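Structure first, then comments.
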Amino acid sequence: MNKVYEYLDKLLQENDTVVVATSGGPDSMALLDIICSYKKKFDLKIIVAHVNHNIREESDEEEKLVEKYTSYQHVIFESMKIKQVINNNFEMEARKIRYDFFEKLIKKYNAKYLFTAHHGDDLIETILMRLSRGSILKGYKGIPTETCKNNYKIIRPLLWLEKKDLINYVNEHNIKYAIDYTNNLDEHTRNRFRHNVLPFLKEETDKVHLKYKKFSDELNMYDEFIDKYINKSKILNNNMINIEEFNKEDILIKNKIIEKLLNDIYDGHLEIIHKNHVNNIIDLITSKKTNSKIDLPNDYIGINDYGFFKIVKKNYNKEIDIILDKDLEINCKQFKYVSSSDSKSNYILRLKSDEISMPLHIRTRKNGDRISVKNMNGTKKISDILTDEKIKYDDRCSILLVCDNDDQILWVPGIKKSKFDKDKTEKCDIILEYILKRGGKNE
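Numbering (this note's numbering), first residue to last: 920 to 1362.
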C-alpha cells in the first residue's frame, strides 16, 4: 500500500479535479476511499462516476451504495443507466458506453485525471490472455499505470496491489461494497484465467504481480521509444501511412507503425487486434497495388490509396435512385437543366431525348457498372475509370451516376461522359450542368 501512497503523493497537486470510476465493488470502493483520503490535503474536487449496467437485479442497489458513500464523503456523484439492449460483444460495447460517459464528465468538470481501479491481478490476467490468443506489442504490455488522452490522463494507481490487498483494505476500513456474482462464472475467458491460472502463479512466486508489472513497464518503455521515432519520421500522419517512406523502414518499425495506426483507429481496444492483421496489412502495402483493400474487424477496411495507406469505415451509403426531371441537389451535388452552354468539360452533358429512354435518373453506383465512353469503342467499368482518374476511396463512395430509364449509364458527373453526349455543334434538347458545391466530395 505504501507504493500507492508514494505514487499519489507525487502525482496529485493542489486544487486538482479528478473523476473516479466507481462500480461499487471492493476494488473501486477501495480506490475511492484512498482518493478521498487526499481530499483535504490537496483540496481536491472529486467526481464519482458510476455506470448502472442495468443487467442484474442488484444493479440499482449498487448505485445506491456508491451514492450513499459519496454523500458521506461530501463529493460529487454522477451516474448513468445503460438503457439500450447490447446484443453483440457486451464487454466491448459496455466499455465504450462507460468511457464516453467518463469523458463527458472530464469535459464538464475540466478534470485532470480519470482514476480506475485496475489492480495487479487484472494486469496478470490481461497479459496472459493476450499472449494466449496473440496480440501486438502494445497489447502484450497489458495495463499501463498511466494513459495519456487528449486533455487528461487515465491513472491506475492500484497496479502495485493484489485483489486480496483491496479486500483487506475495505474490510479494515469498514467500507461497504457489492459483489458481482458473474465474476464467479467460468463462462468468461478472464474468469477462467482468474480461477485456474492465477492461483498457480501465486503459489509458485510470491507477489508475482510485481514481476508482471516490471515486465509491463519495460515493454512500455520500449514502446514509447519506438513511438517517438515514428512521430519524428512523419511516416504516419493524420492516420495515413506514406507508403514510399514506410517501405524504407526495417520490419520492426513497419510492424510498430501498423500497430500504432490500429491502436488509434480502434481507440485502444487491443482485444480486437491480432498479429495477423498487422502482417496482412504489411503484405497489402508492399504489394503496391493501388486501391487494393483488406477487411478489418468492426466494419473497417484498409486501403492503398495513391501513395498512402489508410483505414476507413466501410461505406454503407443509402442507395439512391431519383428521377431527374427537374433541378436537384443531393449531398452538395447540384444538377441543373440549362438552356445553353459553351463548355466542353465533364461538368456539362448534352443529350437528344429520342436517342435514350426517358426519364433520366440519378443513382448510386452498383457493382459491375459499365459505361459506353464517348469516343471509345465498347464499354468500360466505372471502377476502372475511377482508378484511371485517380479518384480516392472516400470520393468514390459518394459518386452519383446519371442514367436513362433503361439504366444505361449516360454520365459520371465531373469525370466521364458516354457516347450519347453531343458536341456543342450538334443538336440536342437536354443540357445538364453539374455543380459541386462547397462541402461536397471532389470527384
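Even glycine gets a Cβ: it sits at the ideal position worked out from N, Cα and C. The model shown is predicted, which means the values in this text are computed figures rather than measured ones.
The beta carbon of F1254 sits closer than 7 Å to the beta carbons of L1243, D1246, L1247, I1281, L1351, Y1353 from its chain, once the five residues preceding and following it are set aside; these are given in chain order.
For F996, the beta-bridge partners assigned by DSSP are V967. Between the segment 1117-1129 and the segment 1029-1040, the count of Cβ pairs shorter than 8 Å is three or higher; the stretches touch. For F1134, the enclosing alpha helix (DSSP H) stretches over residues 1127-1152.
Per DSSP, reduced to three states, the secondary structure at H1196 is helical. Annotated as proximal: M1048 and R1109, with beta-carbon spacing under 8 Å. For the segment 1251-1299, the full-length beta strand (DSSP E) segments reaching 3 residues or more read 1252-1256, 1267-1270, 1280-1283 along the chain. About 19 Å separates the CB atoms of A1013 and L950; that is not less than 8 Å, and the two are not in contact. Shown here, D1214 sits in a strand according to DSSP, grouped into three states. Excluding sequence positions up to five before and after L1189, its CB lies within less than 8 Å of the CB of R1049, S1054, I1055, K1057, G1058, N1182, all in the same chain and listed in chain order.
The closest CA to that of K1147, considering only Y1225, D1218, K1175, is found on K1175. In this chain, the beta strand (DSSP E) harbouring T936 covers 936-940. Closest by C-alpha distance to V1321, out of P1278, Y1312, D1084, G1287, is P1278. Rounded to whole angstroms, K1179 and D1313 show a C-alpha spacing of 22 Å.
For K1023, the enclosing alpha helix (DSSP H) covers residues 1009-1028. Per DSSP, the unbroken alpha helix (DSSP H) holding F1119 starts and ends at 1117-1123. Distance from the Cα of I1290 is smallest, within the candidate group I1310, K1271, I1241, D1340, for D1340. It is roughly 23 Å from the alpha-carbon of R975 to the alpha-carbon of V1089. Listed in chain order, the beta strand (DSSP E) elements of length 3 or more contained wholly in the segment 1027-1058 are 1032-1034. Secondary-structure assignment with DSSP links V1231 through a beta bridge to I1220.
In the pairwise beta carbon analysis, the segment 1213-1230 is classified as touching the segment 1152-1161: at least three pairs are separated by under 8 Å. In terms of CA proximity to A940, R1075 leads the group I1098, R1075, M1011. Proximity of the segment 963-972 to the segment 1097-1111 falls short of the contact definition, fewer than three beta-carbon pairs being nearer than 8 Å.
Nearest C-alpha to D1084 among E1164, D1273, K1126: K1126. Taking E1274 as reference, the option from D1348, S1260, S990, Y1225 with the minimal CA-CA separation is D1348. Inclusion of D962 and E997 in the CB contact set at 8 Å is not warranted, their separation being larger than that value.
In the structure shown, C955 falls within a helical segment according to DSSP collapsed to helix, strand and coil. Between E1238 and D1325, the alpha-carbon positions lie close to 17 Å from each other. DSSP, reduced to helix, strand and coil, places S1337 within a strand of the structure shown. In this structure, the alpha-carbon of H1128 lies about 31 Å from that of Q992.
In the structure shown, the three-state DSSP call for N921 is helix. Of N1217, T989, L1138, the smallest CA-CA separation from I1062 is found for L1138. With fewer than 16 neighbouring CB atoms inside 10 Å of its own CB, N1294 falls in the exposed class. Secondary structure of D1240 (DSSP, three-state): strand. Straight-line measurement puts the Cα of E977 at about 24 Å from the Cα of F1034.
Excluding sequence positions up to five before and after Y1141, its CB lies within less than 8 Å of the CB of L1056, all in the same chain and listed in chain order.
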